[in-house]
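Below you'll find the structure, written out as structure tokens, and then a few comments.
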Amino acid sequence: MNYNVKRRAVMLLAVPALLFTAACGSDDKDTGDAAGGVAQVKGTFGDKPEISVPKGGKASDKTVVETVSAGSGSVIKASDFVRLDWTVEKWGSSQPLGGTWAAATAGAKTPRQQSVDQIGKPSQQLPAKVLDAVKGQKTGSRILVQGTAGELIGEGLNTSSGITAKDVLIWVVDAVGAASVDSKAEVKGTQAAPEPGMPTVSAPAQKAATITIPKGAKAPKDLEEQVLIKGTGKKVEAGQGLIAQYTGVKWEDGKKFDSSWDHGGATAFQIGTGSVIAGWDKGLVGKNVGDRVLLVIPPSLGYGANPSSELAKNTLVFVVDILGTV
């Protein structure tokens, strides 16, 4: 079982069990002439969009991708990591079926949860065709993607949600940020010796780190952290997407349970918003790009709040290379 911290058991802003049950493939988007209506979008980039459709109008029978408003940032490339705001509605209904604005809490002190993904890789929150529509756009752009659930979601559509393959869905996506990081990138530098009581770390190039737990040592009750390699990049801020390589082992037996190196290399997730385990939010916000960080996370800051997790009672040890932010 993959315990990738990015795939936390409870993701507040994932499309509700509702729309899709598995990652689906992506074909080229069709922006040709549409036979039928296209939804209208009002509102400013960054604010929750207002979606309307022509009264009594028939939706286009083709998938439509439109730039609602063009940004002035960098062009998003095919393998970029992206941070997005989004919402999705069914044609003829003003009720959001999911999204980042829907998950926002009024007066919240932490930044709004957003989707952080790499274009071209499966997403838990956006169908591949919707994510692919961001490619070639500039950051700061708002994009509309409209099409049938069968076309946009494909075989992964969860029909028990009440959404049929013929239902037309409307996504509005704001491209908040993008960054290019090689999937095989890793932190470089001289690694510090472990502090007393901390695990030792051997990090061979292009492989998962080997983490050795001190013999006979009791797991700490509080979060412990050490910067093994000090980077010179910008500080990581809450709300950013953090791009990293990582390896995690259990304190109790030293066995590895996950590593980014085991499934494609560098991965990304939003930090400081409750999108990942609390130990990551607490231990990585404020660190620098280029840091290699050792974290020892007690169950209360790991998966302890999720009794069904096989890691609920474990103290988790992670080595994290902070490669960039988005």
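Taken in order, the sequence shown gives residues 19 to 344; the numbers are from our numbering.
Note that beta-carbon positions come from the ideal geometry of N, C-alpha and C, so glycine has one too.
These figures come from a predicted structure and were not determined experimentally.
Beta-carbon gap between residue i and residue j smaller than 8 Å
i	j	result
Ala203	Ala284	yes
Ser92	Phe63	no
Ala226	Trp269	no
Asp299	Gly290	yes
Gln288	Gln132	yes
Val338	Ala262	yes
Gly349	Pro129	Outside the shown range of the chain, which is 19 to 344, sits residue 349, and nothing can be said about it.
Residue i versus residue j - alpha carbon distance
i	j	result
Val82	Val100	21 Å
Ala286	Gln58	32 Å
Ser198	Gly174	28 Å
Gly234	Ser220	20 Å
Asp51	Ile69	Low per-residue confidence applies at Asp51: pLDDT is 43, beneath 50, and the placement is therefore not dependable, though the value from the model is reported in the following sentence. Rounded to the nearest angstrom, the two C-alpha atoms are 21 Å apart.
Lys95	Val344	13 Å
Ser90	Lys156	6 Å
Thr265	Leu319	17 Å
Ile161	Val71	16 Å
Gly251	Phe336	21 Å
Thr333	Asp200	30 Å
Ser44	Ala151	Bear in mind that the predicted position of Ser44 carries a pLDDT of just 39, short of 50, making it too unreliable to give a figure here.
Ile171	Gly259	25 Å
Val245	Val311	5 Å
Ala146	Pro140	7 Å
Ser327	Val294	14 Å
Thr85	Gly116	21 Å
Thr240	Pro316	Here residue 240 turns out to be Asp, not Thr, going by the sequence shown. Asp240 and Pro316: Cα-Cα distance of roughly 6 Å.
Lys153	Pro214	47 Å
Asp46	Gly75	Since pLDDT at Asp46 reaches only 40, below the 50 mark, its modelled position is unreliable, and the value read off the structure follows with that caveat. For Asp46 and Gly75, the distance between alpha carbons rounds to 26 Å.
Thr218	Ala193	40 Å
Asp65	Asp103	9 Å
Ala183	Lys274	41 Å
Asn176	Ala223	41 Å
Ala77	Thr166	9 Å
Val205	Gly158	29 Å
Met357	Thr228	Because residue 357 is not part of the residues shown, which for the chain are 19 to 344, the question remains open.
Lys331	Tyr321	7 Å
Asp79	Asp276	43 Å
Leu329	Gly168	36 Å
Pro212	Ser179	50 Å
Tyr21	Gly61	Model confidence at Tyr21 stands at a pLDDT of 39, short of 50, so the residue's coordinates are unreliable; what they give is reported in the following sentence. Near 38 Å, if we compare the C-alpha coordinates of Gly61 and Tyr21.
Lys127	Pro232	38 Å
Pro114	Asp135	21 Å
Cys42	Gly292	Any reading at Cys42 must be qualified, since the residue scores a pLDDT of 45, below 50, and its modelled position is unreliable; no value is offered.
Ile181	Pro325	31 Å
Ser112	Gly195	27 Å
Ile340	Asn306	7 Å
Gly342	Glu107	33 Å
Leu144	Ser278	21 Å
Ala323	Lys73	46 Å
Asp280	Val267	13 Å
Identity of the residues DSSP links to residue i by a beta bridge
i	result
Ile247	Arg310
Leu260	Phe287 and Thr343
Ile69	Val59
Val267	Lys274 and Val335
Ser87	Arg160
Thr230	Thr218
Val82	Gln164
Lys253	Asn306
Glu242	Val314
Ser77	As written in the sequence, residue 77 is Ala, which differs from the Ser given in the question. DSSP, once it has assigned bridges, lists Gly55 as partnering Ala77.
Ala197	Phe99
Integer Cβ distance of residue i from residue j, believed to fall under 8 Å
i	j	result
Thr105	Pro67	6 Å
Gln164	Val186	7 Å
Thr230	Gly297	Contact flag wrong, Cβ pair sits at about 20 Å.
Lys253	Gly304	6 Å
Trp109	Val148	Rounded, the Cβ-Cβ distance is 15 Å, inconsistent with contact.
Gly301	Glu255	Contact flag wrong, Cβ pair sits at about 14 Å.
Gly55	Ser97	Not a contact, Cβ separation roughly 34 Å.
Point to revise | Those runs of the beta strand (DSSP E) which lie wholly inside the segment 93–158 and span at least 3 residues | key: 99–108, 114–117 and 133–136
Check your understanding: Which full runs of the alpha helix (DSSP H) of 4+ residues lie inside the segment 159–194, going along the chain?
Key -> 167–170
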